[in-house]
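**Student:** The numbers in the sequence shown follow this note's numbering, run straight up by one, and end at 867. Cβ coordinates follow ideal geometry from the N, Cα and C atoms, glycine included. So that we are looking at the same thing, I have put the structure below in structure tokens.
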Amino acid sequence: MESMQHSVLGVLFCAKVPNFRLITTQKLKKTMQNNRLKKKIYEKIVSGDLDSVIAKIRQIEKKETLDWNLMYWAGLCFYLKKDLDLAQYYFEKSIRAGESKNQFVATVYSALGIVQQEKGEFIESIKLLKKSISLREQSTTSDYYLIGDEDLQSIHHRLATTYSLQAEKERDKERKMELDSLALDHFFQALKLEGYDLEGEVPKILNRISQSPDGQKLFEKGNVETIVLNKLRYESSRFILFMSNFATQFYKIGEVEEAIKWMEIAIGYIDKDHEQWISLNKELEQMKREQE
């Protein structure tokens, strides 16, 4: 009898435990298929085939619940097609689906913040962009395909712009001043982070120069580090843009002298052949007229 009980319990136990190897293989196979599919969709977005991507994602959506990454892509496609309502719909679904991957979802928060900014919903945009910054400041690595992802300085710049736009709508003088001050702070954060990134590139470039046949001759000519950094600043449209917007924000709050100083610094990094030369010099002339 005891032997029989053990036998029955053994059968029941085996019946309850699934074939782990089989499940693992199936799960791995499905994951690989999903990754191949996502790679194809990713490539189509990069190539600009947005309608095809939307059709494919909607086809998948009819059969199963989309993961947060696909919802984000759907929102991105609709945003690029300037259907802001559908972009918002999919970005919001993506955030809800991806909360457990909060650092990755920082990308979606910023995308939704940009949509809200373009819809004129500045208060909601500010809240979303601040959330994105908060999540991005947590270090992480990602295996996801994050098309359209913006770095931390870009989000600071977006947030600064939104604060400035909201300030223009504000009737209360104290609140208006507060919003403009916040805009100034985030323009500075964007500029500072962009500057740090450029400075981080200098040692890599110096190392390549030192290994080149004529590298040593270049080092003998002077401060190669400064030359390299200034060249990076010249070529970085964002660095010049961030600095000029920082200057413009000073001008907006009535700090004309400070505005002129920063605009002249920005112009000092470029020349007449630079795409921003004419526009920045026009802004500088306007600032100087205000000062007279």
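Within 10 angstroms of its Cβ, does Q634 collect 16 or more other Cβ (buried), or is it exposed?
**Tutor:** Classification for Q634: exposed.
**Student:** Note down the Cα distance separating K706 from T737, rounded to an integer number of angstroms.
**Tutor:** Their backbone Cα atoms lie some 14 angstroms apart in a straight line.
**Student:** Assess contact between the stretch 692-703 and the stretch 776-792, defined as three or more Cβ pairs (one per stretch) separated by less than 8 angstroms. Is contact present?
**Tutor:** Result no; under three Cβ-Cβ pairs closer than 8 angstroms.
**Student:** When burial is assigned at 16 or more other CB atoms within 10 Å of the CB, is I616 buried or exposed?
**Tutor:** With 16 or more Cβ atoms within 10 Å of its Cβ, I616 is classed as buried.
**Student:** How long is the line joining the alpha carbons of V831 and N820, rounded to whole angstroms?
**Tutor:** Computed Cα separation, rounded: 13 angstroms.
**Student:** Going by the CB atoms, is the gap between R711 and I730 shorter than 8 angstroms?
**Tutor:** A contact, by the Cβ cut-off of 8 angstroms.
**Student:** At which residue ranges does the stretch 658-741 contain complete alpha helix (DSSP H) runs of 4 or more residues, listed in the order of the chain?
**Tutor:** Listed in chain order, the complete alpha helix (DSSP H) runs (minimum 4 residues) inside the stretch 658-741 are 659-672, 677-693 and 697-711.
**Student:** Determine the contact status of Q663 and I701, defining contact as a CB-CB distance below 8 angstroms.
**Tutor:** Not in contact: Q663 and I701 (Cβ atoms no closer than 8 angstroms).
**Student:** Looking only at its chain, what residues have a beta carbon closer than 7 angstroms to the beta carbon of S627, apart from the 5 residues adjacent to it on each side?
**Tutor:** Answer for S627: K619, listed in chain order.
**Student:** Can you give me the C-alpha to C-alpha distance between A681 and L651, rounded to a whole angstrom?
**Tutor:** Those two C-alpha atoms are separated by around 14 angstroms.
**Student:** Reducing DSSP to helix, strand and coil, say where N798 ends up.
**Tutor:** Correct three-state label for N798: coil.
**Student:** At the level of alpha carbons, what is the spacing between S854 and R671?
**Tutor:** About 42 angstroms.
**Student:** Excluding the five sequence neighbours on either side, which residues of its own chain have a C-beta within less than 8 angstroms of the C-beta of V586, listed in chain order?
**Tutor:** In this predicted model, V586 has a pLDDT of only 32, less than 50, meaning its place in the structure is not dependable; the value taken from the coordinates is given anyway. Excluding sequence neighbours, V586 sits near nothing in its chain.
**Student:** Please work out which residues of its chain come closer than 7 angstroms, Cβ to Cβ, to Y771, disregarding the five sequence neighbours upstream and downstream, and give them in chain order.
**Tutor:** No residues qualify anywhere along the chain.
**Student:** Look at L727 and L773 and say whether their C-beta atoms are less than 8 angstroms apart.
**Tutor:** In this structure, L773 does not lie closer than 8 angstroms to L727 by Cβ.
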